[in-house]
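The numbers in the working numbering rise by one with no breaks, and the one at position 84 of the sequence shown is 106.
Glycine included, each C-beta is placed from N, C-alpha and C at the ideal position.
Notes to accompany the following structure.
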Amino acid sequence: MASYTDVLQYLSSLDYPAEKDDVVREAEREGAPPEVLKALRALPPVDYANGNEVARSAAIDAAPELSPSQRAAQAREPHTRVSQHLRRI
């Protein structure tokens, strides 16, 4: 699966704003691997303001350094919201 960094690497010379077709064409021109192209071809057909917006919209592995068991453990942990600690005051 492609990572956030992989996506940005192949779009470094793209001029923004850019449409989905421009993003895919640039990645192909830069020699992006199949997993990156697959993620970019699945993008919604909108205009993108910058590479970060593209990477956030792409179906990519945002945290490749975590194993599946670590991800599962993270999902089971209760998430404390910022405002919840203020309720105790």
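- Here Asp37 carries a coil assignment [DSSP, helix/strand/coil].
- Taking C-beta separations shorter than 6 Å and ignoring five residues to either side along the sequence, the partners of Ala54 in its chain run Tyr32, following chain order.
- Within a 10 Å sphere around the beta-carbon of Val68 sit fewer than 16 other beta-carbons, which makes this residue exposed.
- Straight across, the Cα-Cα distance linking Ala40 with Asp28 is about 18 Å.
- In the structure shown, Tyr70 adopts extended strand secondary structure according to DSSP, grouped into three states.
- By the CB criterion at 8 Å, Met23 and Glu57 fall inside the cutoff.
- Considering only Ile82, Ser91 and Val76, the residue with the shortest C-alpha distance to Asp37 is Val76.
- Here DSSP, grouped into helix, strand and coil, assigns Leu62 to helix.
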